[in-house]
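Just so it is clear: in the sequence shown, position 39 is 46 by UniProt numbering, and no numbers are missing.
Beneath this line is the structure, given in structure tokens, with notes to follow.
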Amino acid sequence: PLVLGIETSCDETGVGIVRGTSLLTNTIASSMDEHVRFGGVVPEVASRAHVQSIGPAISRALDEAEVTLPDLDAIAVTAGPGLSGALMVGVSAAKGLAAATGKPLYGINHLAAHVAVDLVAPDSPGLHTPTIALLVSGGHTEILRIGDIVDDIELLGATIDDAAGEAFDKTARLLGLDYPGGPNISRAAAGQFDESGAPGDPQAVRFPRGLSTAKDMRDPERRYSFSFSGLKTAALRYVTAAERNPGSARLADVAASFEEAVVDVLVTKTLLACADSGIGHVLLGGGVAANSRLRRRLTERCQTAGITLRIPPLQLCTDNGAMVAALGAEIVRRGIAPSPFEFGVTSSLEAHDVLIA
Ligand code: ATP
Ligand code: MG
Ligand code: FE
8 PLVLGIETSC
18 DETGVGIVRG
28 TSLLTNTIAS
38 SMDEHVRFGG
48 VVPEVASRAH
58 VQSIGPAISR
68 ALDEAEVTLP
78 DLDAIAVTAG
88 PGLSGALMVG
98 VSAAKGLAAA
108 TGKPLYGINH
118 LAAHVAVDLV
128 APDSPGLHTP
138 TIALLVSGGH
148 TEILRIGDIV
158 DDIELLGATI
168 DDAAGEAFDK
178 TARLLGLDYP
188 GGPNISRAAA
198 GQFDESGAPG
208 DPQAVRFPRG
218 LSTAKDMRDP
228 ERRYSFSFSG
238 LKTAALRYVT
248 AAERNPGSAR
258 LADVAASFEE
268 AVVDVLVTKT
278 LLACADSGIG
288 HVLLGGGVAA
298 NSRLRRRLTE
308 RCQTAGITLR
318 IPPLQLCTDN
328 GAMVAALGAE
338 IVRRGIAPSP
348 FEFGVTSSLE
358 AHDVLIA
């Protein structure tokens, strides 16, 4: 099926078009630059940017894919989770298109779409199920068990405070680095901002590993859960120490150690979920997948454990429209009925609610 997907849950206005499992186009406009001076995504600013970008993004996607609206078999749109105002722009646009063309409309789950996107990756082996998915971005940090991409998604654990990307962004700010913090902390860890230029030592500072004590690991509620807020406080201690005693802590060491702490818990808990469930497949998604230390550690540890790892190309890991179209196409392929036209957005839509029905 030929499906157009719309994604506006956060700061990316994404429109993607897929035919079955081939990706025809994936246009993205991001309002990231407008959030830099606030140090994080500002919902009102994101909503306004979506309003401005959505029309042009849809036209461009149709042009690039060389298809017209009547050619489409269906329209899919992210209905949640995400920022309500931002989601509303995408859902309204999708409803307008569906009403004007008479095409079926599918309101779908952003988290499931982050997984389904691997169906349209250029080198995709198909979606192996069951798989354990690790989704890490500015807005979420989840470990999911995917038994089936439409019918069987289970949330194993999530962050109880900051998302992983948010931890990067907030800590970067404390260290005097710009938003988005992820890439800048990585640069700092590589030594780019230190005079010597030498890479940081990831073992220099022992930052806390949240919810990782033996007691936490025995608690089914905490075993696959994350907490990153303690890291900020710990990082702040190093910043104040450095202010009092210049030269006491190298920025590269602090950044590398911070990265290591975040990555260590993410990877450890993901592999734990594999071991517990006997699942030998992992899929990584979300903007923090751009972090090379995370990719490296996850690759190493999966290799050692004999686990197959999928990391879709980066532009498919960050928020985009193709992921919505990919999940929409899979749902259409199965002959599942569209969503009722009256559906609204659900900012806290749960992972197992793959399709608004
Ligand atoms: P959502 O949570 O809905 O997916 P988002 O816009 O918050 O939306 P993304 O756009 O997927 O998420 O990712 C942005 C986040 O990824 C930011 O928090 C950013 O700091 C983080 N990030 C980007 N590159 C890196 C990196 N190299 N290392 C660590 N974090 C990174
Ligand atoms: Mg984003
Ligand atoms: Fe996302």
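Just so it is clear, CB atoms sit at the ideal spot from N, CA and C, and this is done for glycine as well.
So for S323, helix, strand or coil by DSSP?
As a working mapping, residue 323 is identified with position 316 in the sequence shown. In the sequence as displayed, the identity of residue 323 is Leu instead of Ser. For L323, the secondary structure class from DSSP, reduced to helix, strand or coil, is helix.
So who's on the other strand from H288, going by DSSP bridges?
Locating residue 288 in the sequence shown gives position 281, where the first residue counts as 1. Note: H288 sits in a beta bridge opposite T315.
Per DSSP, which one or two residues make a beta bridge with N116?
Translated into the one-based positions of the sequence shown, residue 116 becomes position 109. Looking at the DSSP assignment, N116 forms a beta bridge with G87.
Based on the DSSP secondary-structure assignment, which residues constitute the bridge partners of N252?
What you label residue 252 is simply residue 245 of the sequence shown in a count that begins at 1. As far as DSSP is concerned, N252 takes part in no beta bridge.
According to DSSP, simplified to helix, strand and coil, what is L182?
By 1-based counting over the sequence shown, the position of residue 182 is 175. Residue state, collapsed to three classes: coil.
How about V48: is its Cβ closer than 7 Å to a heavy atom in ligand 1?
Here residue 48 refers to the residue found at position 41 of the sequence shown. At least one heavy atom of ligand 1 is nearer than 7 Å to the Cβ of V48, so yes.
Helix, strand or coil for D70, going by three-state DSSP, please let me know.
Looking up residue 70 in the sequence shown gives position 63. If DSSP states are grouped into helix, strand and coil, D70 belongs with the helices.
Candidates D78, N33, Y113 and H117: which alpha carbon is nearest S355's?
Counted from its first residue, the sequence shown places residue 355 at position 348. Per the C-alpha coordinates, the member of D78, N33, Y113 and H117 positioned closest to S355 is H117.
Roughly how many angstroms separate the alpha carbons of A259 and P8, rounded to a whole number?
Numbered from 1 along the sequence shown, position 252 holds the residue referred to as residue 259. Numbered from 1 along the sequence shown, position 1 holds the residue referred to as residue 8. In this structure, the CA atom of A259 is about 49 Å from the CA atom of P8.
Counting only the same chain and skipping the five closest in sequence on each side, list residues whose C-beta sits under 8 Å from that of G242.
As a working note, residue 242 is residue 235 in the sequence shown. It is Ala, not Gly, that sits at residue 242 in the sequence shown. If the five residues before and after A242 are omitted, its C-beta is found closer than 8 Å to the C-beta atoms of T178, L181, L182, F214, V261 and F265, all from its own chain and listed in chain order.
Classify I338 as helix, strand or coil using the three-state DSSP reduction.
Along the sequence shown, one-based indexing puts residue 338 at 331. I338 carries a helical assignment under DSSP once its states are collapsed to helix, strand and coil.
Could you please give me the residues that DSSP links to E19 through a beta bridge?
Within the sequence shown, numbered from 1, the residue matching residue 19 stands at position 12. Assignment of beta-bridge partners to E19 by DSSP yields S37.
How about D326 and E14: do their beta carbons lie closer than 8 Å?
If you number the sequence shown from 1, residue 326 lands on position 319. If you number the sequence shown from 1, residue 14 lands on position 7. In this structure, E14 lies closer than 8 Å to D326 by Cβ.
In the DSSP output, what is F233 paired with across the bridge?
Within the sequence shown, the letter at position 226 stands for residue 233. In DSSP, F233 forms a bridge with T166.
Beta-carbon proximity check, G285 vs G172, cutoff 8 Å
Here residue 285 refers to the residue found at position 278 when the sequence shown is read from its first residue. Here residue 172 refers to the residue found at position 165 when the sequence shown is read from its first residue. In this structure, G285 sits away from G172, with a CB-CB distance that is not shorter than 8 Å.
At what residues does the alpha helix (DSSP H) containing A196 begin and finish?
Within the sequence shown, the letter at position 189 stands for residue 196. It spans G188 to A196 - the alpha helix (DSSP H) in which A196 sits, taken as one unbroken run.
Tell me whether S37, by its Cβ, gets closer than 7 Å to a heavy atom of ligand 3.
Here residue 37 refers to the residue found at position 30 when the sequence shown is read from its first residue. In this structure, ligand 3 has no non-hydrogen atom nearer than 7 Å to the beta-carbon of S37.
By a C-beta neighbour count over all protein chains shown, 10 Å radius and 16 as the cutoff for buried, is S234 buried or exposed?
The count along the sequence shown starts at 1 and reaches residue 234 at position 227. Around the C-beta of S234, 16 or more other C-beta atoms lie within 10 Å, and the residue is accordingly described as buried.
From G27, E19, S16 and G21, residue whose alpha carbon lies closest to that of G335
Taking the first residue of the sequence shown as position 1, residue 335 is located at position 328. Nearest option by C-alpha distance: G27.
Looking at G92 and ligand 4, is the gap between the Cβ and the nearest heavy atom below 7 Å?
With respect to ligand 4, the structure shown offers nothing to examine, as its ligands consist of ligand 1, ligand 2 and ligand 3.
Counted within 10 angstroms of its Cβ, other Cβ atoms place E289 as buried (16 or more) or exposed:
On the sequence shown, residue 289 is found 282 positions in, with the first residue counted as 1. The sequence shown places Val at residue 289, not Glu. By the neighbour-count rule (16 or more Cβ atoms within 10 Å), V289 is buried.
What residue does the beta strand (DSSP E) around A358 start on, and which one ends it?
Numbered from 1 along the sequence shown, position 351 holds the residue referred to as residue 358. Looking at the DSSP string, A358 is not in any beta strand (DSSP E), and its letter there is neither H nor E.
Can we count S16 as close to ligand 1, meaning its CB is less than 7 Å from some heavy atom?
For the purposes of this step, residue 16 is identified with residue 9 of the sequence shown, where counting begins at 1. In this structure, S16 has its CB closer than 7 Å to one or more heavy atoms of ligand 1.
Quick one: any contact between the segment 106-123 and the segment 318-333, if contact means 3 or more CB pairs under 8 Å?
The segment 106-123 vs the segment 318-333: in contact.
Tell me whether E19, by its Cβ, gets closer than 7 Å to a heavy atom of ligand 2.
On the sequence shown, position 12 is the one that residue 19 refers to. When distances are taken from the beta-carbon of E19 to the heavy atoms of ligand 2, the shortest one is below 7 Å.
Taking A106 as the reference, give the member of R251, L362 and E349 with the closest Cα.
Reading the sequence shown from its first residue, position 99 is the one you call residue 106. Of the listed residues, the one whose Cα sits closest to A106 is E349.
For S29, which beta-bridge partners are listed by DSSP?
Locating residue 29 in the sequence shown gives position 22, counting from the first residue. In DSSP, S29 forms a bridge with R26.
Is the number of C-beta pairs between the segment 266-281 and the segment 137-150 that are closer than 8 Å three or more?
Yes: the two stretches touch, three or more of their Cβ pairs being nearer than 8 Å.
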